[in-house]
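S.K.: Just dropping this structure here.
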Amino acid sequence: MSNIPIDPAHHDLYRSLGIGVEILKNYSAPAQRQASPAELKMFSTAPDGRSLKATHATVKSWLDLQRSASNAGIVIEVTSAFRSIEYQAQLIKRKLEAGTPLDTILTVSAIPGFSEHHTGEALDLFSPPQAPLITEFEETAAFEWLNQHAANFGFSLSYPRGNTTGFSYEPWHWKFNPQ
Ligand SMILES: [Zn+2]
Numbered sequence: 009m010s011n012i013p014i015d016p017a018h019h020d021l022y023r024s025l026g027i028g029v030e031i032l033k034n035y036s037a038p039a040q041r042q043a044s045p046a047e048l049k050m051f052s053t054a055p056d057g058r059s060l061k062a063t064h065a066t067v068k069s070w071l072d073l074q075r076s077a078s079n080a081g082i083v084i085e086v087t088s089a090f091r092s093i094e095y096q097a098q099l100i101k102r103k104l105e106a107g108t109p110l111d112t113i114l115t116v117s118a119i120p121g122f123s124e125h126h127t128g129e130a131l132d133l134f135s136p137p138q139a140p141l142i143t144e145f146e147e148t149a150a151f152e153w154l155n156q157h158a159a160n161f162g163f164s165l166s167y168p169r170g171n172t173t174g175f176s177y178e179p180w181h182w183k184f185n186p187q
């Protein structure tokens, strides 16, 4: 995925967010391909009502994984799946408007075009009743189960501690890797 060039169509979008050439040049995460609508399938609804979509193969493997975990008494749910480049831009725009500096935002939110969520193969997982997207997810039985079994379903942790992508440690972010 690392050789996908930055789409020139995104330059206006970057300019509108104040993301300059220097930031892009020094960004260490690889660009990501955006899944087309035909590649995506809705499989669930997030707690806040957003529809969750992922690629057909990701959905199939995810449902197998979730069923297997459930049989072991482990509850795992998805809070975020496919996100478009446009949605990612809106996410950053809202944080900028709330007064968060761009540098701070970019430590937790990928630059549009660089989020694995564009591929429709990345899922942010959580274990209710614990809140989603917190580091303490690593202390759950669900996280331990994922570490032992997720690979059997084609899923891996994208941003472990000490990863070199420039993203913070994200114990909740798992990606399906098609064979
Ligand atoms: Zn994620």
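If you read the sequence shown in my numbering, its first letter stands for residue 9, the second for the next number, and so on.
For each residue, glycine too, the CB sits at the ideal point set by N, CA and C.
Quick caveat, the model's predicted, so the values are computed rather than measured.
Distance, Cα to Cα, Gln-187 vs Glu-146?
M.R.: 27 Å
S.K.: For the candidate residues Ile-93, Val-29 and Gln-98, whose alpha-carbon lies nearest to that of Ser-44?
M.R.: Ile-93
S.K.: Taking Ala-54 as the reference, give the member of Arg-102, Phe-184 and Ser-135 with the closest Cα.
M.R.: Ser-135
S.K.: Which same chain residues end up closer than 7 Å to Asn-11 when comparing Cβ atoms and leaving out the 5 residues on each side of it in sequence?
M.R.: Caution applies to Asn-11, whose pLDDT of 49 falls short of 50 and renders its modelled position unreliable; the model cannot decide the point.
S.K.: Is it buried or exposed, Pro-179, if we count other Cβ atoms within 10 angstroms and call 16 or more buried?
M.R.: buried
S.K.: Is His-125 near ligand 1, in the sense that its beta carbon is under 7 Å from a heavy atom of that ligand?
M.R.: yes
S.K.: For a test of your reading of the model: does the CB of Asp-132 fall under 7 Å from any non-hydrogen atom of ligand 1? Yes or no.
M.R.: yes
S.K.: What three-state label does DSSP hand Tyr-104 in the structure shown?
M.R.: It should be pointed out that residue 104 corresponds to Leu in this sequence rather than to Tyr. In the structure shown, Leu-104 sits in a helix (DSSP, three-state: H, G or I).
S.K.: Output yes or no for whether 8 Å exceeds the beta carbon distance between Val-86 and Ser-176.
M.R.: no
S.K.: Report whether the distance from the Cβ of Ser-92 to the nearest heavy atom of ligand 1 is below 7 Å.
M.R.: No, ligand 1 has no heavy atom inside 7 Å of this Cβ.
S.K.: Is His-19 buried or exposed, if buried means 16 or more other CB atoms sit within 10 Å of its CB?
M.R.: exposed
S.K.: When you compare only the Cα positions, how much space is there between Ala-80 and Ala-46?
M.R.: A direct Cα-to-Cα measurement between Ala-80 and Ala-46 gives close to 34 Å.
S.K.: Assuming Asp-56 and Ser-88 make a contact with CB atoms under 8 Å, what is their CB distance in whole Å?
M.R.: About 10 Å separates the two Cβ atoms, so there is no contact after all.
S.K.: Give me, in chain order, the residues of the same chain whose beta-carbon lies closer than 6 Å to that of Ala-62; leave out the 5 immediate sequence neighbours on both sides.
M.R.: Ala-89, Phe-90 and Gly-128
S.K.: Quick check on Lys-183: does DSSP put it in helix, strand or coil?
M.R.: strand
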